[in-house]
Amino acid sequence: AQTVTQSQPEMSVQEAETVTLSCTYDTSESDYYLFWYKQPPSRQMILVIRQEAYKQQNATENRFSVNFQKAAKSFSLKISDSQLGDAAMYFCAYRSANTGTASKLTFGTGTRLQVTL
Amino acid sequence: KAGVTQTPRYLIKTRGQQVTLSCSPISGHRSVSWYQQTPGQGLQFLFEYFSETQRNKGNFPGRFSGRQFSNSRSEMNVSTLELGDSALYLCASSYGSRTDYGYTFGSGTRLTVV
C-alpha cells in the first residue's frame, strides 16, 4: 500500500516571501501521479499542481513549483511571492497509474500554512 | 460551468439513524469518488463510481454504501450512525477512467452525529 507523509503540521511565511512544504511518499510502483491540493476554510479541495512520475521535469504553475526527487520519493512544494490568499491547509496526494486502482487518491496529513503581513 | 455540488452542506443526526448525502458532478463527468475527512484519520477514500458501477472501494464497514444514477449524480448512505462517523464528506468528480484525468472536489457535507 502507498503512504504519503507530510512532516510539517504547520508552517508560517511572511507575505512576498518563499516557503517550501515537504512531502515524502512510499510506493513500489514506477508509474504514478503526485498532487498538491489546497483546502481553504471554504473546505473545497483545490488542485494546485500535479506531477507525472515519468516526467523528470519539475512541474510549475505560476508562483507554485515542485521539487520532485523520484529516487528519494520526495515531492516538495515551493510557493514564491506568498500572498494572504495562500493561507490554507495543503495536502500532498498520490495516485497510481494502474487503472485498477487509479481512482483512489492517498493523502498526507496536511500542512497548515499561515501567511503573515 | 457549474462545479461539483454537494448537499446538504451541514447535517446533524442522532446515533443509530441513517443519512444520505448527495453529490452532483460537473456536467459530462462520469466518475464520482467519495472521501471522509476527520481530524484523527485525515482524508480517507470511501468508494468510486463510474457509469453507475462501483469501481473501487476503500476500507470502510458495510454501513457505508453508495450508488450512482444514470445522470452521474451520486449518493452515499451511512446506516446505523456512530459518533465516529462525524466528519466532512467530500465528493470529487472526473471525466472518465483514464488516469490522466483530474479530479474536481465539492465543498463537502459536514455531518455531526450526536
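Going line by line, the protein sequences match chains L and H. Numbering-wise (my numbering), the first sequence opens with residue 44 and increments by one. Numbering-wise (my numbering), the second sequence opens with residue 2 and increments by one. Cβ atoms here follow ideal geometry from the backbone N, Cα and C, with glycine treated the same way.
Whose C-beta lies closer than 7 Å to the C-beta of residue i among residues of the same chain, with five residues either side of it excluded?
{"i": "L/T152", "result": "Q49"}
{"i": "L/Y97", "result": "D74"}
{"i": "H/G59", "result": "Q45, F46, L47 and F48"}
{"i": "H/R64", "result": "V79, S80 and T81"}
{"i": "H/F61", "result": "L47"}
{"i": "H/G103", "result": "S95"}
{"i": "L/D95", "result": "Correcting the residue type first, residue 95 of chain L is Glu in the shown sequence and not Asp. Cβ neighbours of L/E95 beyond the five flanking positions: Y76."}
{"i": "L/S123", "result": "T61 and R106"}
{"i": "H/N57", "result": "F48 and E49"}
Rounded to the nearest angstrom, how far is the Cβ of residue i from that of residue j, given a contact under 8 Å?
{"i": "H/G43", "j": "H/Q55", "result": "H/G43 to H/Q55, Cβ: 23 Å. No contact."}
{"i": "L/F107", "j": "L/L120", "result": "7 Å"}
{"i": "L/S125", "j": "L/E58", "result": "6 Å"}
{"i": "H/K14", "j": "H/L82", "result": "5 Å"}
{"i": "L/Q51", "j": "L/L64", "result": "6 Å"}
{"i": "H/G107", "j": "H/V5", "result": "4 Å"}
{"i": "L/V62", "j": "L/C135", "result": "About 14 Å separates the two Cβ atoms, so there is no contact after all."}
{"i": "H/R10", "j": "H/R111", "result": "7 Å"}
By Cβ distance, which residues of its chain are closer than 6 Å to residue i, with the 5 residues on each side in sequence left out?
{"i": "H/E53", "result": "Q69"}
{"i": "H/S23", "result": "T8 and E76"}
{"i": "H/S34", "result": "E49 and A93"}
{"i": "L/L160", "result": "E58"}
{"i": "H/C32", "result": "For the record, residue 32 of chain H in the displayed sequence is Ser; it is not Cys. Closer than 6 Å at Cβ, skipping near neighbours: F51 and S95."}
{"i": "H/Q18", "result": "L82"}
{"i": "L/T149", "result": "Q45, V47 and Y137"}
{"i": "L/F111", "result": "Q94, N101 and F118"}
Going by alpha carbons, who is nearest to residue i out of the options?
{"i": "L/Y68", "options": "L/Q94, L/N101, L/D129 and L/A115", "result": "L/A115"}
{"i": "H/P26", "options": "H/S71, H/Y11, H/S94 and H/Q19", "result": "H/S94"}
{"i": "H/L89", "options": "H/T105, H/G107 and H/T39", "result": "H/T39"}
{"i": "L/F118", "options": "L/A44, L/T70, L/R86 and L/Q87", "result": "L/T70"}
{"i": "L/V56", "options": "L/E104, L/L127, L/Y80 and L/T103", "result": "L/L127"}
{"i": "H/G41", "options": "H/G109, H/S87, H/S71 and H/A3", "result": "H/S87"}
{"i": "L/M132", "options": "L/I122, L/Q112, L/Q157 and L/V109", "result": "L/Q157"}
{"i": "L/T154", "options": "L/A44, L/Q45, L/E60 and L/Y80", "result": "L/Y80"}
{"i": "H/T105", "options": "L/M88, L/A44 and L/E60", "result": "L/M88"}
{"i": "L/A130", "options": "L/S85, L/R93, L/N101 and L/I92", "result": "L/S85"}
{"i": "L/Q99", "options": "L/S123, L/K113, L/I92 and L/N105", "result": "L/K113"}
{"i": "L/K147", "options": "H/V114, H/G109, H/Q37 and H/V115", "result": "H/Q37"}
{"i": "H/R129", "options": "H/G85, H/G103 and H/G109", "result": "Absent from the model: residue 129 of chain H. The displayed extent of chain H is 2 to 115, so no value can be given."}
Spatial neighbours of residue i within its chain, please: C-beta separation below 8 Å, excluding the five flanking residues on both sides.
{"i": "H/G29", "result": "Y96"}
{"i": "H/T113", "result": "Y11, L12, I13, K14 and S87"}
{"i": "L/I92", "result": "F78, W79, A102, T103, E104, F107, S108, V109 and L120"}
Residues in the segment 84 to 114 of chain L having any Cβ partner in chain H nearer than 9 Å | S85, R86, Q87, M88, I89, L90, R93 and E95
Check each residue of the segment 49 to 61 of chain H: if its Cβ is closer than 8 Å to any Cβ of chain L, include it; give the result in chain order.
-> E49, F51, R56, N57 and G59
Taking one C-beta from the segment 124 to 142 of chain L and one from the segment 66 to 81 of chain L each time, how about it: are there three or more such pairs within less than 8 Å?
-> yes
With 9 Å as the limit, tell me which residues of the segment 127 to 159 of chain L have their beta carbon closer than that to any beta carbon of chain H; keep them in chain order.
-> F134, A136, R138, S139, A140, N141, T142, G143, T144, A145, S146, K147, L148, T149, F150, G151, T152 and G153
Which residues, in order along the segment 29 to 51 of chain H, keep a beta-carbon less than 7 Å from a beta-carbon of chain L?
-> S32, S34, G43, L44, F46 and E49
Could you please tell me which residues of the segment 78 to 91 of chain H, in chain order, have their CB closer than 7 Å to any CB of chain L?
-> L89 and L91
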